[in-house]
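**Student:** Taking my numbering, the leading residue of the sequence shown gets 29, the next gets one more, and so forth. If you scroll down you'll find the structure; I have some questions about it.
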Amino acid sequence: MSDTDQGLARGLTNYGDRDFSVYLRNSFAASMGYSREMLKRPIVGIANSFSGFNNCHRHFPELVEAVKRGVLMEGGLPIEFPTISLGEVFLSPTSLKFRNLMSMDTEEMVRAQPMDAVVLMGGCDKTVPAQLMGAASADLPAVQLVAGPMMTSRYQTERLGACTDCRRFWSKYRAKEVTTEQINDIEGRLATTAGTCAVMGTASTMACIAETLGMSLPGTAAIPAVHADRLRAGEESGRAAARMVRTPIRPSQVITAKSVENAMRVLLALGGSTNAIIHLTAVARRLGIPVSLEKLNALSDTTPVLVNLKPVGTNYMEDFFFAGGVGAVLRELKPLLHLDTLDVTGGTLGDRLEQDAGWVDHRVIAKAAEPLEPEGGLVALFGNLAPRGAILKRSAADPKLFEKEGRAVVFTSLEDLAARVDDPDLDITADDFMVLQNAGPRSASGMPEAGYLPIPRKIAETGVKDMVRISDARMSGTAFGTIVLHVSPEASVGGPLALVRDGDRIRISVKDRRIELLVDAAELECRRAAWVTTNVPAAERRGYDRLYAEQVTQADEGCDFGFLQPVNEDT
Ligand code: FES
Numbered sequence: 029m030s031d032t033d034q035g036l037a038r039g040l041t042n043y044g045d046r047d048f049s050v051y052l053r054n055s056f057a058a059s060m061g062y063s064r065e066m067l068k069r070p071i072v073g074i075a076n077s078f079s080g081f082n083n084c085h086r087h088f089p090e091l092v093e094a095v096k097r098g099v100l101m102e103g104g105l106p107i108e109f110p111t112i113s114l115g116e117v118f119l120s121p122t123s124l125k126f127r128n129l130m131s132m133d134t135e136e137m138v139r140a141q142p143m144d145a146v147v148l149m150g151g152c153d154k155t156v157p158a159q160l161m162g163a164a165s166a167d168l169p170a171v172q173l174v175a176g177p178m179m180t181s182r183y184q185t186e187r188l189g190a191c192t193d194c195r196r197f198w199s200k201y202r203a204k205e206v207t208t209e210q211i212n213d214i215e216g217r218l219a220t221t222a223g224t225c226a227v228m229g230t231a232s233t234m235a236c237i238a239e240t241l242g243m244s245l246p247g248t249a250a251i252p253a254v255h256a257d258r259l260r261a262g263e264e265s266g267r268a269a270a271r272m273v274r275t276p277i278r279p280s281q282v283i284t285a286k287s288v289e290n291a292m293r294v295l296l297a298l299g300g301s302t303n304a305i306i307h308l309t310a311v312a313r314r315l316g317i318p319v320s321l322e323k324l325n326a327l328s329d330t331t332p333v334l335v336n337l338k339p340v341g342t343n344y345m346e347d348f349f350f351a352g353g354v355g356a357v358l359r360e361l362k363p364l365l366h367l368d369t370l371d372v373t374g375g376t377l378g379d380r381l382e383q384d385a386g387w388v389d390h391r392v393i394a395k396a397a398e399p400l401e402p403e404g405g406l407v408a409l410f411g412n413l414a415p416r417g418a419i420l421k422r423s424a425a426d427p428k429l430f431e432k433e434g435r436a437v438v439f440t441s442l443e444d445l446a447a448r449v450d451d452p453d454l455d456i457t458a459d460d461f462m463v464l465q466n467a468g469p470r471s472a473s474g475m476p477e478a479g480y481l482p483i484p485r486k487i488a489e490t491g492v493k494d495m496v497r498i499s500d501a502r503m504s505g506t507a508f509g510t511i512v513l514h515v516s517p518e519a520s521v522g523g524p525l526a527l528v529r530d531g532d533r534i535r536i537s538v539k540d541r542r543i544e545l546l547v548d549a550a551e552l553e554c555r556r557a558a559w560v561t562t563n564v565p566a567a568e569r570r571g572y573d574r575l576y577a578e579q580v581t582q583a584d585e586g587c588d589f590g591f592l593q594p595v596n597e598d599t
């Protein structure tokens, strides 16, 4: 047998005696109670990111049984294995710091264990990009199966869904429009079922991107976690993976420059999460496909916003599912898409869109001829404050703040922000620009979702709902506001954001895609000469923290690790 043999004969453990390796593996596998006949089957691994620290994956024990059923139906042997899980709100300092660790775990376990194809079970924000990154690098036939979104709940007469409503009610609580008793009641009603956040946040955006890339089965991204169709999607994903053993379709055939461009179009049409551009960049770069923010702007100019979901609109993921889901969006975008891209079934996007569209609720998914917005939901801004770019979610921002100059009020860290933002003596007005430094990928805080800086309490209490906020942090996909994020290079490595001081003037122009610090170059050079990083040097760290500090790239490169990029075979 060779290493390319199927099933248990793949990738043998090295004892220096090949036949002994086969004999020993068969013996130990038999100890798990499999018959000889089962052990001869091709193996479909199931990367299960279930964890007691991940509420979004609560239903995976039931879902994994459906996947196994599907694999068995196609003559494969399903073998489940655990990987790291990333429960968004259970990780410190932030889940993004561990996305690359999960991608390494996924890649290495897919490669090291004997499997012929794999189903990747993920859902919560960073898990799907981590699995796609790992699968892209391992390049074994793989099907992404997402958790599916939570169902909404109720508070009195209002529908509630995590987590746009979490933030909305928290803002009201800070503005004293909601009492402590009410916020405690609401806390227990925001997330009440299994599944990922109920709006077009990062998890849902990444689910739609996975389907658009072709890595998930058509029609599966938006099925609610607790819907019976989710189990059928699990079964079908198991079948698809087992079929791919017979006719291999590798991630490198599915994730291509064309499918990545389609995914960027869908991201823009969804008014999707700003995090998704970082994740899509990281996934694409694993296969040597560059994603530039200039390209994002070019696509944004010609891609309408079509989906009326929170945080940009009014509906929830369950509405999106019943309205037609990703398929309906793809049909509206059809003239803008590459139709010869492959999905994990072996079909093309063109084939898929030939099929009957079914009923579409155009109150949730607008027609391209009557879009919610004529241009895409995200734009990149460039200028002397962000030479490598920054992101603004235009569709979730207040257009009155798009062409504006303001005075900077600077917070030098998250700790500084927490200590001073509600100080009644803070010198700030609603027309000022709040600036947060040292919250980028290499900072001690690890690029948290802190870019949604709270409006200072004394301003919030006057009814102000939005201000210009600028940082090198990220923002939750469920948040909203005129928030400039991912400023690159970041402050903690000496990017221009580090040089901003209280009272400086900053100008943003969404129309011109510009963000400028209006301080003359000589003064900036003086400040640069005096700048010192607040980061603990990598050499003084240990373990994963050190690896992260040494290897993480800037936001415009996807915040991946440098050494996880493909090796250039020409060099
Ligand atoms: Fe898991 Fe929001 S907390 S998707």
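Idealized CB from N, CA, C, for every residue including glycine.
When we look at the beta-carbon of M29 and count the other beta-carbons within 10 Å, is it buried (16 or more) or exposed?
**Tutor:** Because M29 sits at a pLDDT of 41, beneath the cut-off of 50, its placement in the model cannot be relied upon, and the following sentence gives the value as read from the coordinates. Exposed is the call here.
**Student:** Just the C-alpha distance for S504 and G474, rounded to the nearest angstrom, thanks.
**Tutor:** S504 and G474: Cα-Cα distance of roughly 14 Å.
**Student:** CA-CA distance, D384 and R359?
**Tutor:** Rounded to whole angstroms, D384 to R359 spans 10 Å at the Cα level.
**Student:** Mind pulling the alpha helix (DSSP H) runs of 4 or more residues that sit fully within the stretch 406 to 455?
**Tutor:** Counting whole runs of 4 or more residues, the stretch 406 to 455 contains the alpha helix (DSSP H) stretches 442 to 448.
**Student:** For R182, which of L168, E215, K200, A164 has the nearest alpha-carbon?
**Tutor:** Taking only the C-alpha atoms, the option nearest R182 is E215.
**Student:** Tell me whether A646, by its Cβ, gets closer than 8 Å to a heavy atom of ligand 1.
**Tutor:** Because the chain is modelled from 29 through 599, residue 646 falls outside the range shown and cannot be assessed.
**Student:** Can you find a heavy atom of ligand 1 that lies under 8 Å from the Cβ of N83?
**Tutor:** Because some heavy atom of ligand 1 lies under 8 Å away, the Cβ of N83 counts as near it: yes.
**Student:** Nearest-angstrom Cα distance between N76 and A145?
**Tutor:** Each residue's alpha carbon lies about 14 Å from the other.
**Student:** Going by the CB atoms, is the gap between H85 and C194 shorter than 9 Å?
**Tutor:** No. Outside cutoff.
**Student:** Determine whether the beta carbon atoms of R139 and G35 lie at a separation below 9 Å.
**Tutor:** Going by C-beta atoms, R139 is not nearer than 9 Å to G35.
**Student:** If we count Cβ pairs, one from each stretch, closer than 8 Å, do we get three or more for the stretch 335 to 349 versus the stretch 226 to 236?
**Tutor:** Enough Cβ pairs lie closer than 8 Å, so yes.
**Student:** Evaluate contact between the stretch 232 to 242 and the stretch 349 to 369, counting only Cβ atoms and requiring at least three cross-stretch pairs below 8 Å.
**Tutor:** Yes, they touch.
**Student:** Only counting the same chain, and skipping five residues up and downstream in sequence, which positions put a Cβ closer than 6 Å to that of A424?
**Tutor:** Only P339, V340, F508 meet the Cβ criterion.
**Student:** Under the criterion of a Cβ to heavy atom distance below 8 Å, does T224 qualify as lining ligand 1?
**Tutor:** Under cutoff, so the answer is yes.
**Student:** Taking only three categories from DSSP, how would you classify T155?
**Tutor:** T155: helix per DSSP, three-state reduction.
**Student:** For E398, which three-state DSSP category applies?
**Tutor:** Residue state, collapsed to three classes: coil.
**Student:** Tell me the DSSP secondary structure of L367 in three-state form.
**Tutor:** L367 falls in the coil class under three-state DSSP.
**Student:** Check whether the Cβ of V18 sits closer than 8 Å to any heavy atom of ligand 1, and report yes or no.
**Tutor:** What is shown of the chain runs 29 to 599, which leaves residue 18 out entirely.
**Student:** Under 9 Å between the Cβ atoms of S287 and L377?
**Tutor:** Yes, they are a contact pair.
**Student:** In or out: E135 buried (at least 16 other Cβ within 10 Å) or exposed?
**Tutor:** Its Cβ being crowded by 16 or more others within 10 Å, E135 is buried.
**Student:** Taking the C-alpha atoms as reference points, what is the distance between R53 and N82?
**Tutor:** Distance between the alpha carbons of R53 and N82: 33 Å.
**Student:** Cutting at 6 Å between CB atoms, please list the residues of its own chain near A583, excluding the five before and the five after it.
**Tutor:** Contacts found: I306, H514, S516.
**Student:** Can we count G229 as close to ligand 1, meaning its CB is less than 8 Å from some heavy atom?
**Tutor:** Flag set: Cβ of G229 near ligand 1.
**Student:** Taking only runs of the alpha helix (DSSP H) that begin and end inside the stretch 45 to 115, which ones reach a length of at least 4 residues, in chain order?
**Tutor:** Counting only runs of 4 or more, we get 46 to 58, 64 to 67, 88 to 101.
**Student:** Answer yes or no: do P169 and P276 have a C-beta to C-beta separation smaller than 9 Å?
**Tutor:** Contact: yes.
**Student:** I'd like to check one pair, L160 with L91: are the Cβ atoms closer than 9 Å?
**Tutor:** No; because the gap between Cβ atoms is not below 9 Å, this pair is not in contact.
**Student:** Is any non-hydrogen atom of ligand 1 found closer than 8 Å to the C-beta of E477, if you look at the structure I gave you?
**Tutor:** Flag unset: Cβ of E477 not near ligand 1.
**Student:** Could you give the DSSP three-state label for R391: helix, strand or coil?
**Tutor:** Correct three-state label for R391: coil.
**Student:** Between D588 and A164, what straight-line distance do the alpha-carbon atoms span, to the nearest angstrom?
**Tutor:** Spanning the two alpha carbons is a distance of roughly 13 Å.
**Student:** By Cβ distance below 8 Å, which residues in the same chain neighbour E553 in space, the five residues on each side in sequence not counted?
**Tutor:** Nothing listed; no residue qualifies.
**Student:** Under DSSP, the beta strand (DSSP E) around S537 begins and ends at which residues?
**Tutor:** 533 to 537 is the extent of the beta strand (DSSP E) around S537.
**Student:** According to the neighbour-count rule (16 or more other Cβ atoms, all chains shown, within 10 Å of its Cβ), is N212 buried or exposed?
**Tutor:** Flag for N212 reads exposed.
**Student:** Return the CA-CA distance between K204 and E489, expressed in angstroms with no decimal places.
**Tutor:** Cα-Cα distance, rounded: 7 Å.
**Student:** Given that a residue counts as buried once 16 or more other Cβ atoms are within 10 Å of its Cβ, and exposed if not, what is T309?
**Tutor:** T309 comes out buried.
**Student:** Give me the residue from G479, L454, P469 with the minimum Cα distance to V463.
**Tutor:** Among G479, L454, P469, the Cα nearest to that of V463 belongs to G479.
**Student:** Under 8 Å: does the beta carbon of D153 sit that close to some heavy atom of ligand 1?
**Tutor:** Flag set: Cβ of D153 near ligand 1.
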